[in-house]
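The sequence shown begins at 33 in the working numbering and counts up by one.
Presented below is the structure to which this report refers.
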Amino acid sequence: FEGHNYGFIEKDGRDYVFLNAQTGIQIWDWTDIMKPTHVSSLKIPQLTKGAYADTTWWLAMQYPYVYLGGTNTGLHILDASDLKSPELKRTIPMSKLGGFKIGSLFACGNLLVCNTFDAPGISVLDIADPLNPKLQKTLKETFGYSSLFNGGYLYGIAENPKVWDLHDPENMKLISSYKGEKLGSKGGYGVFQDGFLHQGASSGYAKIDMR
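So this is what it looks like as structure tokens:
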């Protein structure tokens, strides 16, 4: 499926990648990148294929746990301890995640940052207990099409990017909003390097100085 985000681990001297699938995930062995080997797949009953509903949109890793943003089906938590037989451990509905479809999400330490797409919705969850996330805070603020969580800041990937400070999850706050000309239609996806946000959109690319 459309690869919004991947998960990587090294285990027993081998390199594994976790990929979105329309109905769940696929795990591949990429140790020899010229000979990729399929390890396993997991289908989740609620995911029946789609683009903005009934499908997986993003994944985040805190191995052995995998967090899947399942759009209108909520958050799916998987245990991939056995790479050949990953298991669905828990599904949490939208109603307990802020009330919006789950798109991009990021696991960092004890934090899980969840966003929707093309609508207001940012939630932060405590995942100190990996299988029992606790909702800490929700902001009904529009951030763009997707997001990027990096260094304690959440970057909204949009025509006019925004930045929220999430160092204190109980007091998330907008700290800047880009004031220049619009950066491509509909926003898109971003990566961060050396103080710069690299943003790809439907109509082009932009490099933004965030220092």
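Ideal Cβ positions, reconstructed from N, Cα and C, are used throughout, including at glycine.
Computed from a prediction, not measured in an experiment: that's the story for all the values here.
Classification of residue i by the beta-carbon crowding that lies within 10 angstroms, buried from 16 upward
{"i": "I134", "result": "buried"}
{"i": "P165", "result": "buried"}
{"i": "T105", "result": "buried"}
{"i": "I154", "result": "buried"}
{"i": "Y187", "result": "buried"}
{"i": "G101", "result": "buried"}
Closest residue to residue i among the options (Cα-Cα distance)
{"i": "G232", "options": "E191, L157, F138 and G102", "result": "E191"}
{"i": "I124", "options": "P96, D47, H108 and Y48", "result": "H108"}
{"i": "G212", "options": "V71, I240, G82 and D86", "result": "I240"}
{"i": "N203", "options": "Y95, S209, T148 and V156", "result": "V156"}
{"i": "Y89", "options": "G236, L171, Q54 and Q78", "result": "Per the sequence shown, the amino acid found at residue 89 is Trp instead of Tyr. Checked all of G236, L171, Q54 and Q78; the closest Cα to W89 is Q54."}
{"i": "N182", "options": "L163, P162 and L137", "result": "L137"}
Whole-number beta carbon distance between residue j and residue i, since they are thought to touch under 8 Å
{"i": "G227", "j": "R243", "result": "4 Å"}
{"i": "A160", "j": "T174", "result": "About 29 Å separates the two Cβ atoms, so there is no contact after all."}
{"i": "S41", "j": "M126", "result": "Checking the displayed sequence, the identity of residue 41 turns out to be Ile instead of Ser. The pair is not a contact, with the Cβ atoms about 28 Å apart (cut-off 8 Å)."}
{"i": "W196", "j": "I207", "result": "7 Å"}
Where residue i sits in the DSSP three-state scheme
{"i": "T105", "result": "coil"}
{"i": "W62", "result": "coil"}
{"i": "W90", "result": "strand"}
Sequence ranges, beta strand (DSSP E) only - wholly within the stretch 125-204, length at least 3: 137-140, 143-147, 152-158, 166-174, 178-182, 185-189 and 194-197
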